[in-house]
Amino acid sequence: MANDTLGYVYRIKPIVQCYDWGMPSESSLVYRLFTNGRHMEESHSTNKGKPYAELWVGDHDSAPCSVVACRRKCVVMLTATDSGQNIQVLETVDHPVESCGTSLEKTERKRLSELYRSMGLQIYGHEIEGPSILFKVLSVAKPLSMQIHPDKKSAMRMRKQGHPSIVDSQDKPEMCVAVSRFRLLCGFRPLSETLVYARRYESFAKLIGEELLVIISTDTEPNSSDTYVRICHRLLMGQPNVELIDELIGAIKGRDNHDLSEEVLLTLRDIHGVDICILFAFLLNAVELNVGESCFIPPNTLHSYISGDCIELMNNSDNVIRCGLTKKPKDVRAVIELLEFERDNGNPLCQTAYYVKPYQVSPHINIYRPLHPTSNLATWSFFVPSRTRVSQCFRNDKQPFIGVILETNDSVTIGFSNEAGQVMGSEKKLDIVHVEYGQAFLIYPDTTMDVNNEGTTDVVFYFGTVM
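First residue of the sequence shown: 318, per this note's numbering; consecutive thereafter.
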């Protein structure tokens, strides 16, 4: 490898997805990250008329990312002194600044999984297939489909059977971290809460049906999984009563004040009409996350993202089974079978929203890690305030990190070092690289990132890894 390249930090070229539910370019975080990060080919131009929905950083076969080694601008020695820090330039590199890990054109690339294989030999002594995670940024303008991601056993079975929506054999637990106000529906709420809406709105009670309402009202185990399955079967497998749905909408609009679930139901009605799945706003937990708050969605959990921007981390899977709120193919029977699988295995379908509270490992690092048996996901946020210098080692049991620069400014200097480049005592050797807003990176295990933020705005990174 050339002397001016780092062998432990790589630029990743993300893939952008322009799904119908994405935000228009002028308001899409995904669009800003993609265009400002110079991820495009010189010959490629973006279409501002498209909705920009997702930025993928990973190696799924449906959208594999390519990588290129970062180039040094210079090498410096950082020395701690009583009066502060002294910086000595040891070496400069004679090439344009814009080629210092910024431009991906005319540079040797490789697929991310190819890099993982060589990294595995270097670090673990054996090849690894590629990242087991998929990192995304989402900009949601319109609600996504009502959907479910199968568990691993079901995914393997359905793929073997040739199900068109199952493209790999992985389960797909996923975690979102809000970077703006973010709304979603996820997991069945307690039936006692659904009963409140049935008593408030006669039309909704009729849609649920008297028999099921009696069970909900009188059962000694009102949150039994069988009841949830029966409600889904009634709503999803039957013909929707359009008149009752319209009557429900009129009744909700007739109230002066709306709670979050009612607001979401009206949003779903405005976009998806009388689709029966708009009623799931009263069956699932309605969640509103503020910036920095997080929610985890296990496999076989019905959910729909409603609006906002988020960081999303999941297993490296693209398996989605839909039952409504979409023009894409639906498989209601498969959704019910997955719910029945959970019920028959004794797993409760009643789930309060699974909030993930981050824990702080340093003043500048928060780690989001769902303590759930289906998950080994971890999202790290790295925050450097204005007028601050922070040196942080990304150490996680020899696991690499992939992620993006979400916020930065023109007065930021970033350097990297690894264990081989460390100098004993108060001195530290740094490879200085040129980075920009929106760029995506892979960093090897045990890499130290030194961020000198002399600007007036904060610097924010988000990285995904496994723990």
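Cβ atoms here follow ideal geometry from the backbone N, Cα and C, with glycine treated the same way.
(request) Measuring alpha carbon to alpha carbon, tell me which of Val326, Arg572, Pro460, Ser482 ends up nearest Glu595. (result) Translated into positions along the sequence shown, residue 595 becomes position 278. Checking the displayed sequence, the identity of residue 595 turns out to be Ile instead of Glu. Closest option to Ile595, Cα to Cα, is Pro460.
(message) Please classify Gly375 as buried or exposed, where buried requires at least 16 other C-beta atoms within 10 Å of its C-beta.
(response) By 1-based counting over the sequence shown, the position of residue 375 is 58. Label assigned to Gly375: buried.
(message) Buried or exposed for Gln478, going by 16 or more other Cβ atoms inside 10 Å?
(response) Position 161 of the sequence shown holds residue 478. Gln478 comes out exposed.
(request) Would you kindly report the start and end of the unbroken beta strand (DSSP E) that includes Phe658? (result) The sequence position of residue 658 within the sequence shown is 341, counting from 1. Where Phe658 is concerned, there is no enclosing beta strand (DSSP E), although the alpha helix (DSSP H) it sits in stretches over 649-661.
(message) Do Ser534 and Arg660 count as a contact pair if the criterion is CB distance below 8 Å?
(response) Taking the sequence shown and counting its residues from 1, one reaches residue 660 at position 343. Taking the sequence shown and counting its residues from 1, one reaches residue 534 at position 217. No, the Cβ-Cβ distance between Arg660 and Ser534 is not below 8 Å.
(message) I need the boundaries of the alpha helix (DSSP H) containing Asp626, first residue and last residue.
(response) Counting from one through the sequence shown, the residue named residue 626 turns up at place 309. From DSSP, Asp626 is part of no alpha helix (DSSP H) but of the beta strand (DSSP E) over 620-632.
(request) Taking 8 Å as the cut-off, decide whether the C-beta atoms of His377 and Asn636 are in contact. (result) Start at 1 with the first residue of the sequence shown, and residue 377 comes out as number 60. Start at 1 with the first residue of the sequence shown, and residue 636 comes out as number 319. Contact flag unset, no.
(request) Identify which residue in Ser471, Pro381, Ser430 has its Cα closest to the Cα of Ile653. (result) In the sequence shown, residue 653 corresponds to position 336, counting from 1. Cα-wise, what sits closest to Ile653 is Ser471.
(message) Using the three-state DSSP reduction, which class does Ala386 fall into: helix, strand or coil?
(response) For the purposes of this step, residue 386 is identified with residue 69 of the sequence shown, where counting begins at 1. Of the three classes helix, strand and coil, the one that applies to Ala386 here is strand, per DSSP.
(request) Would you tell me roughly how many angstroms separate the C-alpha atoms of Met357 and Lys365, rounded to the nearest one? (result) As a first step, residue 357 is located in the sequence shown; it is residue number 40 there, counting from the start. As a first step, residue 365 is located in the sequence shown; it is residue number 48 there, counting from the start. Interpretation of Met357 is limited by its pLDDT of 49, a score under 50 that renders its predicted location unreliable; the figure taken from the coordinates is listed afterwards. Rounded to the nearest angstrom, the two C-alpha atoms are 14 Å apart.
(request) Keeping to the same chain, check which residues put their C-beta closer than 6 Å to that of Val326; ignore five residues upstream and five downstream. (result) For the purposes of this step, residue 326 is identified with residue 9 of the sequence shown, where counting begins at 1. These residues qualify, in order along the chain: Cys387, Phe733, Ile760.
(request) Return yes when the Cβ of Glu657 is within less than 8 Å of the Cβ of Asn353, no when it is not. (result) Locating residue 353 in the sequence shown gives position 36, counting from the first residue. Locating residue 657 in the sequence shown gives position 340, counting from the first residue. It is not a contact, given that the beta carbons lie outside the stated cut-off.
(message) So, at 8 Å on beta carbons, what are the nonlocal neighbours of Val384 in its own chain, with the 5 sequence-adjacent residues on each side left out?
(response) Mapped onto the sequence shown, residue 384 falls at position 67. Taken in chain order, the residues that qualify are Tyr327, Arg328, Ile329, Lys330, Arg426, Lys427, Arg428, Leu429, Leu432, Leu759.
(request) Ignore the nearest five residues each way along the sequence and tell me which others in Val559's own chain have a CB closer than 6 Å to its CB. (result) One-based indexing of the sequence shown puts residue 559 at position 242. These residues qualify, in order along the chain: Val591.
(request) Name the two residues that bound the continuous alpha helix (DSSP H) containing Tyr348. (result) On the sequence shown, residue 348 is found 31 positions in, with the first residue counted as 1. 346-353 is the extent of the alpha helix (DSSP H) around Tyr348.
(request) For Leu421, name the three-state secondary structure that DSSP assigns. (result) Reading the sequence shown from its first residue, position 104 is the one you call residue 421. For Leu421, the pLDDT reaches just 46, beneath the cut-off of 50, and the residue's location in the model is therefore unreliable, although a value from the coordinates is still provided. Coil, per DSSP.
(request) Could you check which residue in Asn632, Asn633, Ile623, Asn662 has the C-alpha nearest to that of Thr643? (result) Locating residue 643 in the sequence shown gives position 326, counting from the first residue. Minimum Cα distance to Thr643 is reached at Ile623.
(request) Report yes or no: do three or more beta-carbon pairs, one from the stretch 576-587 and one from the stretch 526-540, lie closer than 8 Å? (result) No, because fewer than three Cβ pairs between the stretch 576-587 and the stretch 526-540 fall closer than 8 Å, the two stretches do not touch.
(request) Name the residue from Glu538, Arg650, Phe700 whose alpha carbon lies nearest to the alpha carbon of Val776. (result) As a first step, residue 776 must be located in the sequence shown, where it is residue number 459. Closest option to Val776, Cα to Cα, is Phe700.
(request) Look at the alpha carbon of Leu582 and the alpha carbon of Tyr514, and state the distance between them as a whole number of angstroms. (result) Position 265 of the sequence shown, counted from the first residue, corresponds to residue 582. Position 197 of the sequence shown, counted from the first residue, corresponds to residue 514. Cα-Cα distance, rounded: 12 Å.
(message) In the DSSP output, which residue or residues are listed as bridge partners for Glu785?
(response) One cannot answer for residue 785 here, as it falls past the ends of the chain, which runs 318 to 784.
(request) Determine the direct distance from the alpha carbon of Tyr545 to that of Leu372, and round the result to whole angstroms. (result) Here the question's residue 372 lines up with position 55 in the sequence shown. Here the question's residue 545 lines up with position 228 in the sequence shown. C-alpha separation (whole angstroms): 34 Å.
(request) With DSSP as the reference, label Leu552 as helix, strand or coil. (result) By one-based count along the sequence shown, residue 552 stands at place 235. In the structure shown, Leu552 sits in a helix (DSSP, three-state: H, G or I).
(message) Just to confirm, is the Cβ distance from Val454 to Ile628 under 8 Å?
(response) Working through the sequence shown from its first residue, we reach residue 454 at position 137. Working through the sequence shown from its first residue, we reach residue 628 at position 311. Closer than 8 Å, so yes.
(request) List in chain order: all unbroken alpha helix (DSSP H) runs of 4+ residues lying wholly within the stretch 697-731. (result) none
(request) Count the other CB atoms, across all protein chains shown, that sit within 10 Å of the CB of Asn770; report buried if there are 16 or more and exposed otherwise. (result) In the sequence shown, counting from the first residue as 1, residue 770 sits at position 453. Buried.
(request) Inspect the beta-carbon positions of Phe613 and Val673 and report whether they are closer than 8 Å. (result) Mapped onto the sequence shown, residue 613 falls at position 296. Mapped onto the sequence shown, residue 673 falls at position 356. Yes. Within cutoff.
(message) Just verifying my parser: in three-state terms, what is the DSSP assignment at Glu605?
(response) Within the sequence shown, numbered from 1, the residue matching residue 605 stands at position 288. Glu605: strand per DSSP, three-state reduction.
(message) Rounding to the nearest angstrom, what Cα-Cα distance links Leu501 and Trp338 in this structure?
(response) Start at 1 with the first residue of the sequence shown, and residue 501 comes out as number 184. Start at 1 with the first residue of the sequence shown, and residue 338 comes out as number 21. Cα to Cα, Leu501 sits roughly 14 Å from Trp338.
(message) Here's a check: name, in chain order, each residue in its chain whose Cβ is nearer than 7 Å to the Cβ of Ala670, leaving out the five neighbours to either side.
(response) Looking up residue 670 in the sequence shown gives position 353. Only Cys503, Gly504, Asn602, Val604, Cys612 meet the Cβ criterion.
(message) Please state the DSSP three-state secondary structure of Lys469.
(response) Against the sequence shown, residue 469 aligns to sequence position 152. It is helical.
(request) Identify which residue in Asp563, Pro665, Ser708 has its Cα closest to the Cα of Ile593. (result) If you number the sequence shown from 1, residue 593 lands on position 276. Ranking Asp563, Pro665, Ser708 by Cα distance to Ile593 puts Asp563 first.
(message) For a test of the three-state rule: what should DSSP assign to Tyr779, helix, strand or coil?
(response) If you number the sequence shown from 1, residue 779 lands on position 462. Three-state result, Tyr779: strand.
(request) Go through its chain and collect everything with a Cβ distance to Arg434's Cβ below 8 Å, but skip five positions before and after it. (result) Locating residue 434 in the sequence shown gives position 117, where the first residue counts as 1. Around Arg434: Glu444, Ile445, Glu446, Gly447.
(request) Kindly indicate which residue of Val608, Lys570, Met554 has the alpha-carbon position closest to the one of Cys493. (result) Position 176 of the sequence shown, counted from the start, is the residue given in the question as residue 493. With distances taken between CA atoms, Cys493 lies nearest to Val608 out of Val608, Lys570, Met554.
(message) According to DSSP, is Phe597 part of a helix, a strand, or is it coil?
(response) The residue you call residue 597 lines up with position 280 of the sequence shown. Phe597 falls in the helix class under three-state DSSP.
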